[in-house]
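**Q**
2 protein chains.
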Amino acid sequence: MLAAHLFTTIAVEGSAAMSTVAVPSLPPTASEDAESLRKALQGWRADKASLIGILCRRTASQRAAIRRAYAFLYREPLLNCFRYKLSRHHLLSVDFWKALILWTMDPAERDANLVHEAVKKKDEIYILVLIEVSCASTPDHLMAVRDIYRKLFSCSIEEDVASSPALQEPLKKMLVSLVSSYRYAGEHVDMDVAKLEAAQLSEAIREKQLQRDEVVRIISTRSKSQLRATFQQYKEDHGTDIGEDINGQCSSQFGRMLKSAVWCLTSPEKHFAQVIRYSILGLGTYEDLLTRVIVSRAEIDMKQIKQEYKARYKSAVTLDVAGDTSFGYRDMLLALVGSED
Amino acid sequence: MLAAHLFTTIAVEGSAAMSTVAVPSLPPTASEDAESLRKALQGWRADKASLIGILCRRTASQRAAIRRAYAFLYREPLLNCFRYKLSRHHLLSVDFWKALILWTMDPAERDANLVHEAVKKKDEIYILVLIEVSCASTPDHLMAVRDIYRKLFSCSIEEDVASSPALQEPLKKMLVSLVSSYRYAGEHVDMDVAKLEAAQLSEAIREKQLQRDEVVRIISTRSKSQLRATFQQYKEDHGTDIGEDINGQCSSQFGRMLKSAVWCLTSPEKHFAQVIRYSILGLGTYEDLLTRVIVSRAEIDMKQIKQEYKARYKSAVTLDVAGDTSFGYRDMLLALVGSED
Chain S
1 MLAAHLFTTI AVEGSAAMST VAVPSLPPTA SEDAESLRKA LQGWRADKAS LIGILCRRTA
61 SQRAAIRRAY AFLYREPLLN CFRYKLSRHH LLSVDFWKAL ILWTMDPAER DANLVHEAVK
121 KKDEIYILVL IEVSCASTPD HLMAVRDIYR KLFSCSIEED VASSPALQEP LKKMLVSLVS
181 SYRYAGEHVD MDVAKLEAAQ LSEAIREKQL QRDEVVRIIS TRSKSQLRAT FQQYKEDHGT
241 DIGEDINGQC SSQFGRMLKS AVWCLTSPEK HFAQVIRYSI LGLGTYEDLL TRVIVSRAEI
301 DMKQIKQEYK ARYKSAVTLD VAGDTSFGYR DMLLALVGSE D
Chain F
1 MLAAHLFTTI AVEGSAAMST VAVPSLPPTA SEDAESLRKA LQGWRADKAS LIGILCRRTA
61 SQRAAIRRAY AFLYREPLLN CFRYKLSRHH LLSVDFWKAL ILWTMDPAER DANLVHEAVK
121 KKDEIYILVL IEVSCASTPD HLMAVRDIYR KLFSCSIEED VASSPALQEP LKKMLVSLVS
181 SYRYAGEHVD MDVAKLEAAQ LSEAIREKQL QRDEVVRIIS TRSKSQLRAT FQQYKEDHGT
241 DIGEDINGQC SSQFGRMLKS AVWCLTSPEK HFAQVIRYSI LGLGTYEDLL TRVIVSRAEI
301 DMKQIKQEYK ARYKSAVTLD VAGDTSFGYR DMLLALVGSE D
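Read top to bottom, the protein sequences are chains S and F. Residue numbering for the first sequence follows UniProt numbering, beginning at 1 and increasing consecutively. Residue numbering for the second sequence follows UniProt numbering, beginning at 1 and increasing consecutively.
What follows is the structure in structure tokens.
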């Protein structure tokens, strides 16, 4: 174990200050890392501690360089080696290998795969994947996901969502609009629009008419800055949080999904803290759900999610994860989530 | 005038074999071109023949290099010099300078500007801009237009279309879906889907129910290859062209715009030949319309458009353009359209 002072969270992408991935200030070269991974993969059990010690302490771009170096040195993709291990290992290790594969993938490719797996399913935990990828990502990341999805699956995300027999109207209409968006990503806000649209949303909530075209249009086309101003205006007008009001007044599936979209767009830490809690409190643990959240948010806003989790559930993510998962898989999640302050 | 053998149409972007821009096989460097342009811009009248002789014989990437070289050499953007000329010249030259500015711009930026100008207007010739940019472009070009639009105008295209008071439902719904699409761009086709959706479209046409969700979903999410197969299936089932049938059976504005979308998606030459004809036959000439089509299609499929025009109207684009436009502007359009074979 390296001394703590060797680790420092460095700027990666997006809100890197909120990353919990502890990258050493002087990491080995990508080729050295690839060689260490090759050694760690030898033998029937593989050296999970080494795999975690390397990959879970590297940024997305460092992991990309390691993938390239590995393919160059050993003439096979690193991910294929992981998939081979996954296919041959006993049940206890499945979650570990699945998480390691998702973490090692290019983030846009990972999300494209998660969306593809989710798009034909009815279950809300899969519908949430569509909402998370379309609303809790930056617009440019969503666009990268859409691009690679087309290349991997020979059709567009919006095409698959719009033609999915598993999804019903009016939810389908909202999901198609959300995954099709390419929002303005700057800070410019129009306060007149915020006032008008806060009132429109308020009327729809009070009349329990969330599926109105206006609601879907506002949520799926306005920029995150604009929506933040609109929701703030709503709070000033009513003294309550719009997400909580949607939840409280409209208990339909559409209402729950709309609330998730609202949170993913403007306070994703609330959404993801709730999903982590749900995945741990569930009968057993929803490992896929827990993996998805931790792998996809570790480099984005995991620090905020941990703070939100603590404030809301009076417990720590690390504590709850450690108590509810098994060796190997647990160590990997804990490496990504980082220590509690 | 340089000898014809010096000109050869070289590969640019998209379907470059259908470009009518005659690029010299050994063009001057970008800096030399920038110097020649500087000289041509001197004096009150400017040397239009030189401006045309240089810029209308360069590909989009060569024009980009010239813009960079000009800005580096003279510390001002080439386009600003053109805009200054436009602002000071008498009426006769307005069309020339406007066309030269559009041609010299980066194509994605040009389309973003055209969309922005069109989006708040009711007139069909402006609604057509939205359809042309969203349906007659490659998916990646549309994405580049959406990206630059956000940067230039601090909001997204779909946001402006969805909130435009000039557009009515159900047309607005279709336009929002069209501009939001990021279609699969490959050749993969599902023939079962083609058969099913040809039947769905046929039913909507016969029942004069074009605004159905199914119709908008098919037109706005399916890939161009898939739509080509679907429309071919329609032709085999009914012996008629789906575009003509939409036009014949449903004479509403929605029907006309849907037909334009269908043509832009799978046989853009038909659409643009018709628009050129309309712009010339109109009272006077719709110069903005004519400029837009020629400038935006010269490097894409102008050869095909000319063939279609000849087959359909028993006249040549060059002849009709020459007969209906004035000096300077005419020379520029003719340089872009190329000679008749």
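Glycine is no exception: its CB is placed at the ideal position from the N, C-alpha and C atoms. In this text the structure is predicted, and so the values were computed from the model without any measurement.
Buried or exposed: G323(S), going by 16 or more other Cβ atoms within 10 Å of its Cβ?
**A** Along the first sequence, read from residue 1 onward, the residue named residue 323(S) stands at position 323. When all chains shown are included, G323(S) counts as exposed.
**Q** Nearest CA to the CA of Q200(F): which residue from Y184(F), V189(F), R217(F), A185(F)?
**A** As a working mapping, residue 200(F) is identified with position 200 in the second sequence. Cα-wise, what sits closest to Q200(F) is R217(F).
**Q** With a floor of 4 residues, list each alpha helix (DSSP H) that falls wholly inside the region 114-144 of chain F, ordered by position along the chain.
**A** Runs of the alpha helix (DSSP H) inside the region 114-144 of chain F: 124-135.
**Q** Establish whether the CB of A34(S) and some CB of chain F are separated by less than 8 Å.
**A** Taking the first residue of the first sequence as position 1, residue 34(S) is located at position 34. By this cut-off, A34(S) is not an interface position.
**Q** Do you know how far the Cα of L333(S) is from the Cα of E76(F)?
**A** Start at 1 with the first residue of the second sequence, and residue 76(F) comes out as number 76. Start at 1 with the first residue of the first sequence, and residue 333(S) comes out as number 333. Rounded to whole angstroms, E76(F) to L333(S) spans 54 Å at the Cα level.
**Q** So, is L289(S) buried or exposed, given that buried needs 16 or more other C-beta atoms within 10 angstroms?
**A** Residue numbering aside, residue 289(S) sits at position 289 when the first sequence is read from its first letter. It is buried - the Cβ of L289(S) has at least 16 other Cβ atoms within 10 Å.
**Q** Go ahead and pull the three-state DSSP assignment for P24(F).
**A** Sequence index remark: in the second sequence, residue 24(F) carries index 24 (1-based). Correct three-state label for P24(F): strand.
**Q** Below 8 Å between beta carbons: does that hold for T221(F) and S156(S)?
**A** Here residue 221(F) refers to the residue found at position 221 of the second sequence. Here residue 156(S) refers to the residue found at position 156 of the first sequence. Yes; because the gap between Cβ atoms is below 8 Å, this pair is in contact.
**Q** Tell me the DSSP secondary structure of residue 425(S) in three-state form.
**A** Only positions 1 to 341 of chain S appear in the structure, and residue 425(S) is not among them; the question remains open.
**Q** Given a cut-off of 8 Å on the beta-carbon distance, is the pair Y276(F) and V293(F) in contact?
**A** As a working note, residue 276(F) is residue 276 in the second sequence. As a working note, residue 293(F) is residue 293 in the second sequence. The sequence shown places Ile at residue 276(F), not Tyr. Cβ atoms of I276(F) and V293(F): closer than 8 Å.
**Q** Is the Cβ of S134(S) closer than 8 Å to any Cβ of chain F?
**A** Along the first sequence, read from residue 1 onward, the residue named residue 134(S) stands at position 134. For S134(S), the answer is no, since every Cβ of chain F falls outside 8 Å of its Cβ.
**Q** Leaving aside the five residues before and after A71(S) along the sequence, list all residues of the same chain whose C-beta is less than 8 Å from its C-beta, in chain order.
**A** If you number the first sequence from 1, residue 71(S) lands on position 71. Closer than 8 Å at Cβ, skipping near neighbours: P77, L78.
**Q** Counting only beta-carbon atoms, is R212(F) nearer than 8 Å to chain S?
**A** Numbered from 1 along the second sequence, position 212 holds the residue referred to as residue 212(F). It does not; no Cβ of chain S falls within 8 Å.
**Q** Please work out which residues of its chain come closer than 7 Å, Cβ to Cβ, to R312(F), disregarding the five sequence neighbours upstream and downstream, and give them in chain order.
**A** Counting from one through the second sequence, the residue named residue 312(F) turns up at place 312. Around R312(F): A273.
**Q** Excluding the five sequence neighbours on either side, which residues of its own chain have a C-beta within less than 6 Å of the C-beta of S223(S), listed in chain order?
**A** Position 223 of the first sequence, counted from the start, is the residue given in the question as residue 223(S). These residues qualify, in order along the chain: R183, Y184.
**Q** Counting only runs that start and end within the region 61-90 of chain S, where is the beta strand (DSSP E) found for 3 or more residues in a row?
**A** DSSP runs (the beta strand (DSSP E)) wholly in the region 61-90 of chain S: none.
**Q** Are the C-beta atoms of T104(F) and some chain S residue less than 8 Å apart?
**A** As a first step, residue 104(F) must be located in the second sequence, where it is residue number 104. No, because no Cβ of chain S sits closer than 8 Å to the Cβ of T104(F).
**Q** What's the gap between the Cα of A144(F) and the Cα of Q304(S)?
**A** One-based indexing of the second sequence puts residue 144(F) at position 144. One-based indexing of the first sequence puts residue 304(S) at position 304. The straight-line gap from Cα to Cα measures roughly 33 Å.
**Q** Only counting the same chain, and skipping five residues up and downstream in sequence, which positions put a Cβ closer than 6 Å to that of G282(S)?
**A** If you number the first sequence from 1, residue 282(S) lands on position 282. For G282(S), where only same-chain residues beyond five positions count, there are no Cβ hits under 6 Å.
**Q** Closer than 9 Å between beta carbons: that is the criterion. Which residues of the region 153-166 of chain S meet it against chain F?
**A** Going along the region 153-166 of chain S in chain order, one finds F153, S154, C155, S156, I157, E158, E159, D160, V161, A162, S163 with a Cβ nearer than 9 Å to chain F.
**Q** Where does the unbroken alpha helix (DSSP H) through H271(S) begin, and where does it stop?
**A** Within the first sequence, numbered from 1, the residue matching residue 271(S) stands at position 271. Where H271(S) is concerned, the enclosing alpha helix (DSSP H) stretches over 268-281.
**Q** Is the CB of residue 388(F) under 8 Å away from at least one CB in chain S?
**A** As displayed, chain F neither begins before 1 nor continues past 341, which places residue 388(F) out of reach and without an answer.
**Q** Since Q249(S) contacts I205(S) with CB under 8 Å, what's their CB separation in whole angstroms?
**A** Mapped onto the first sequence, residue 249(S) falls at position 249. Mapped onto the first sequence, residue 205(S) falls at position 205. Going by Cβ atoms, the distance from Q249(S) to I205(S) rounds to 5 Å, so yes, they are a contact pair.
**Q** At the level of alpha carbons, what is the spacing between L102(S) and V295(S)?
**A** On the first sequence, position 102 is the one that residue 102(S) refers to. On the first sequence, position 295 is the one that residue 295(S) refers to. When rounded, the distance between both Cα atoms is 7 Å.
**Q** Under 7 Å, CB to CB, which of the residues in the region 170-192 of chain F have a partner in chain S?
**A** So the list reads S180, S181, Y182, R183, Y184, A185, G186, H188, given in the order they occur along the chain.
**Q** Considering Cα atoms alone, identify which of V179(F), E214(F), V193(F) is closest to E169(S).
**A** Counting from one through the first sequence, the residue named residue 169(S) turns up at place 169. Residue E214(F) is the option with its Cα nearest to E169(S).
**Q** Please state whether DSSP places F327(S) in a helix, a strand or coil.
**A** Locating residue 327(S) in the first sequence gives position 327, where the first residue counts as 1. Three-state DSSP puts F327(S) in coil, outside helix and strand.
**Q** If I measure Cβ to Cβ from Q211(S) and keep anything under 7 Å in the same chain, skipping five residues before and after, which residues do I get?
**A** As a working note, residue 211(S) is residue 211 in the first sequence. Correct list, in chain order: P170, F254.
**Q** State yes or no: is the beta carbon of S223(S) nearer than 8 Å to at least one beta carbon in chain F?
**A** For the purposes of this step, residue 223(S) is taken as residue 223 along the first sequence, with counting starting at 1. Yes, its Cβ sits closer than 8 Å to a Cβ of chain F.
**Q** In chain F, which residues lie less than 9 Å from R150(S) when you measure between Cβ atoms?
**A** Numbered from 1 along the first sequence, position 150 holds the residue referred to as residue 150(S). Those are P139, Y182, R183, Y184, A185, G186, S223, listed as they occur along chain F.
**Q** Using the Cβ count rule (16 or more neighbours within 10 Å means buried), how would you classify W97(F)?
**A** In the second sequence, residue 97(F) corresponds to position 97, counting from 1. Per the 10 Å Cβ criterion, buried.
**Q** Under three-state DSSP, which class holds residue 342(F)?
**A** Past the edges of chain F, shown from 1 to 341, lies residue 342(F), and the structure says nothing about it.
**Q** Of the choices I131(S), E269(S), C81(S), whose alpha-carbon is the least far from that of I219(S)?
**A** Taking the first residue of the first sequence as position 1, residue 219(S) is located at position 219. When only C-alpha atoms are compared, the closest one is I131(S).
**Q** Let me see if you follow: with CB-CB separation under 8 Å, is M18(S) close to chain F or not?
**A** As a first step, residue 18(S) is located in the first sequence; it is residue number 18 there, counting from the start. Output row for M18(S): interface = no.
**Q** So, with DSSP's three-state summary, where would you put G255(S)?
**A** Mapped onto the first sequence, residue 255(S) falls at position 255. G255(S): helix per DSSP, three-state reduction.
**Q** Thinking C-beta only, is A22(F) closer than 8 Å to R57(F)?
**A** Taking the first residue of the second sequence as 1, we reach residue 57(F) at position 57. Taking the first residue of the second sequence as 1, we reach residue 22(F) at position 22. Yes, they are a contact pair.
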